[in-house]
Amino acid sequence: MNMLLKKFMFGAALAGSLMLGANAAHADLLADIKAKGEIVIGTEARFTPFEFMENGKIVGYSTDMLDIIMKDMPGVKVKRMDIPFQGILPGLSAKKFDYIVTSVTATRERKEHYALSVPVADATVAMLVRADSPFAKPEDLNGKTVGCQTGSAQIKAIDLLAEKLGGKDKIKVKEYVAFDEAYADLAAGRLDGVAQSYPNLADVIKRRPGVFKILTPPFGPKVYFTWVGRNDADSASLVAFFDDGLRKLITSGKMAELQKKWFGFTMEIPTDLPNPVQ
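Going left to right, the sequence shown walks through residues -27 to -1, 1 to 251 as mature numbering (1 follows the signal peptide of the UniProt record, and there is no 0) numbers them.
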């Protein structure tokens, strides 16, 4: 774990422990944000094309949606904190920021502890391999080494694939702080594959033609990316604000338009989050 992540995790844990003894919860987070004139958003800006840095600014699919939604909160400045993914959910719990606008895969465990938003994209997992590799389907990675991000839901999908092949030891998982590091190791021959959501991998193929290929079909259950709020009474109005904004983007066709812009294809997204299957 790198030093930045260690420092953030320690700070989040300390803040969380201090809050256990505090009795200063706000009555309504949305009202507080409007009164203060600022909302603090947690983001992992290393998840192209959803959220990434360009010319010193956080840009991408999620940023475009956030900019549109925030037009319904005039006079409020958006402050974004770029956090390693492993610190995103702990940071939200510790109230380091008000809401998460980054791509978090919906899982049963996360839904139990957090307020997951309306889906923002399909997160079904696929396998990326080198273009010259002999693999034709995900099952061909039996006995091989696959890269993934520490703390991501994609690790669970790899475990399920390995169990299908006869046991968790059938696929060796190498974990990374960020997916970009895994892609680099794959290109260099230090990995046999990288498990990631299909939309992300489609973008990798677009940016590095001839280097990689995606094995089809995707594996694992149908899952979605969401944004995340705290699952408490104080945050309910803010969570509803973002859910309403995302539904408007879906029903108006604007979300599909942004998908075409950033991914090159569109996805069928429901206006309510289905119960996660894992």
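From the three backbone atoms N, C-alpha and C, an ideal C-beta is built for every residue, glycine too.
| request: Give the DSSP-derived three-state secondary structure of A(-3) in the structure shown. | output: Interpretation of A(-3) is limited by its pLDDT of 46, a score under 50 that renders its predicted location unreliable; no figure is taken from the coordinates.
| field | Contiguous alpha helix (DSSP H) assignments of at least 4 residues, all confined to the stretch 81 to 143 | value | DSSP runs (the alpha helix (DSSP H)) wholly in the stretch 81 to 143: 81 to 86, 127 to 137.
| Exposed or buried, what is D217 when buried is set at 16 or more other beta-carbons lying within 10 Å of its beta-carbon? | Burial call: exposed.
| message | Whole angstroms are fine: how far does the CA of K195 sit from the CA of P247? | response | For P247 and K195, the distance between alpha carbons rounds to 10 Å.
| query | How many Å lie between F214 and A96 at the Cα? | reply | Straight-line Cα distance between these residues: approximately 23 Å.
| field | E17 in three-state terms, based on DSSP | value | In this structure, E17 counts as coil in the three-state DSSP scheme.
| request: Reducing DSSP to helix, strand and coil, say where L188 ends up. | output: If DSSP states are grouped into helix, strand and coil, L188 belongs with the strands.
| request: Specify the secondary structure class of G166 as computed by DSSP and reduced to three states. | output: It is a strand residue.
| query | Quick one: complete alpha helix (DSSP H) runs, 4+ long, within the stretch 26 to 83? | reply | Taking only runs of at least 4 residues, the alpha helix (DSSP H) segments lying wholly in the stretch 26 to 83 are 34 to 42, 61 to 66.
| field | Closest residue to K7 among T36, D45, G29, D40 (Cα-Cα distance) | value | The shortest C-alpha separation from K7 is found at D45.
| In this structure, does DSSP put V201 in helix, strand or coil? | Correct three-state label for V201: strand.
| Where does W235 land, buried or exposed, given buried means 16+ other C-beta within 10 angstroms? | By the neighbour-count criterion, in which 16 or more other beta carbons inside 10 Å mark a residue as buried, W235 falls on the buried side.
| said: According to DSSP, simplified to helix, strand and coil, what is F236? | reply: Helix at F236.
| query | For V146, does the three-state DSSP call read helix, strand or coil? | reply | Per DSSP, reduced to three states, the secondary structure at V146 is strand.
| task | Give the DSSP bridge partners of E24, in chain order. | result | Paired residues: F20.
| message | Suppose the cutoff is 7 Å on Cβ atoms and the five residues either side in sequence are ignored; what does the same chain contact list for G183 look like? | response | Residues of the same chain with a CB within less than 7 Å of the CB of G183, apart from the 5 flanking positions on each side, are A104 in chain order.
| query | Going by the CB atoms, is the gap between L89 and T244 shorter than 7 Å? | reply | No.
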